[in-house]
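First the structure, in the form of C-alpha cells, and then the observations on it.
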Amino acid sequence: MADEFTYLNRQSHPYDLKIVDFNEKNKNEYITISARGIKHFNKGEHYFQTIDEWEREAKLFGQLLQINFFK
Numbered sequence: 011m012a013d014e015f016t017y018l019n020r021q022s023h024p025y026d027l028k029i030v031d032f033n034e035k036n037k038n039e040y041i042t043i044s045a046r047g048i049k050h051f052n053k054g055e056h057y058f059q060t061i062d063e064w065e066r067e068a069k070l071f072g073q074l075l076q077i078n079f080f081k
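For any residue, its number in our numbering is found by taking its place in the sequence shown, counting from 1, and adding 10.
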C-alpha cells in the first residue's frame with residue numbers, strides 16, 4: 011500500500027492540485043503523492059517532501075496569500 015501513488019497536476023497556484031490519470035499528467039511538471047510523501051517532477055528533475063513538510067508549506071503559503079501585498 012505504501013508504494014501506491016496518485017498523479018497530480020498543478021492548477022492556479024503551487025498548492026492547488028488536481029488528481030489526474032497517468033495519460034493526463036503534465037509531461038513537463040507533475041506531482042505524485044503516496045503514503046511516503048510527495049514527489050515533484052519538473053523538466054526531468056525531482057524533489058521529495060514528506061507529507062508533514064508539504065502540509066506546513068501549504069499552510070504558510072495560504073497565510074502569505076492573506077497579506078494584502080501578496081494578494
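Cβ atoms here follow ideal geometry from the backbone N, Cα and C, with glycine treated the same way.
* E14 and S44 look like a contact to me (Cβ under 8 Å); what is the Cβ gap, rounded to whole Å? -> In this structure E14 touches S44 by the C-beta definition: roughly 6 Å separates them, less than 8 Å.
* Could you check where the alpha helix (DSSP H) with R120 kicks off and where it finishes? -> A question about residue 120 goes unanswered here, because the residues of the chain that appear run from 11 up to 81.
* Complete runs of the beta strand (DSSP E) confined to the segment 22-80 [at least 3 residues] -> Segments of the beta strand (DSSP E) lying fully in the segment 22-80: 27-30, 39-44, 48-52, 55-59.
* Within the same chain, show all residues whose beta-carbon is closer than 6 Å to that of F51, passing over the 5 residues directly before and after it, in chain order. => Y40.
* **C-alpha distance - Y25 paired with N38, whole-angstrom precision** => Between the C-alpha atoms of Y25 and N38 there is a straight-line separation of about 17 Å.
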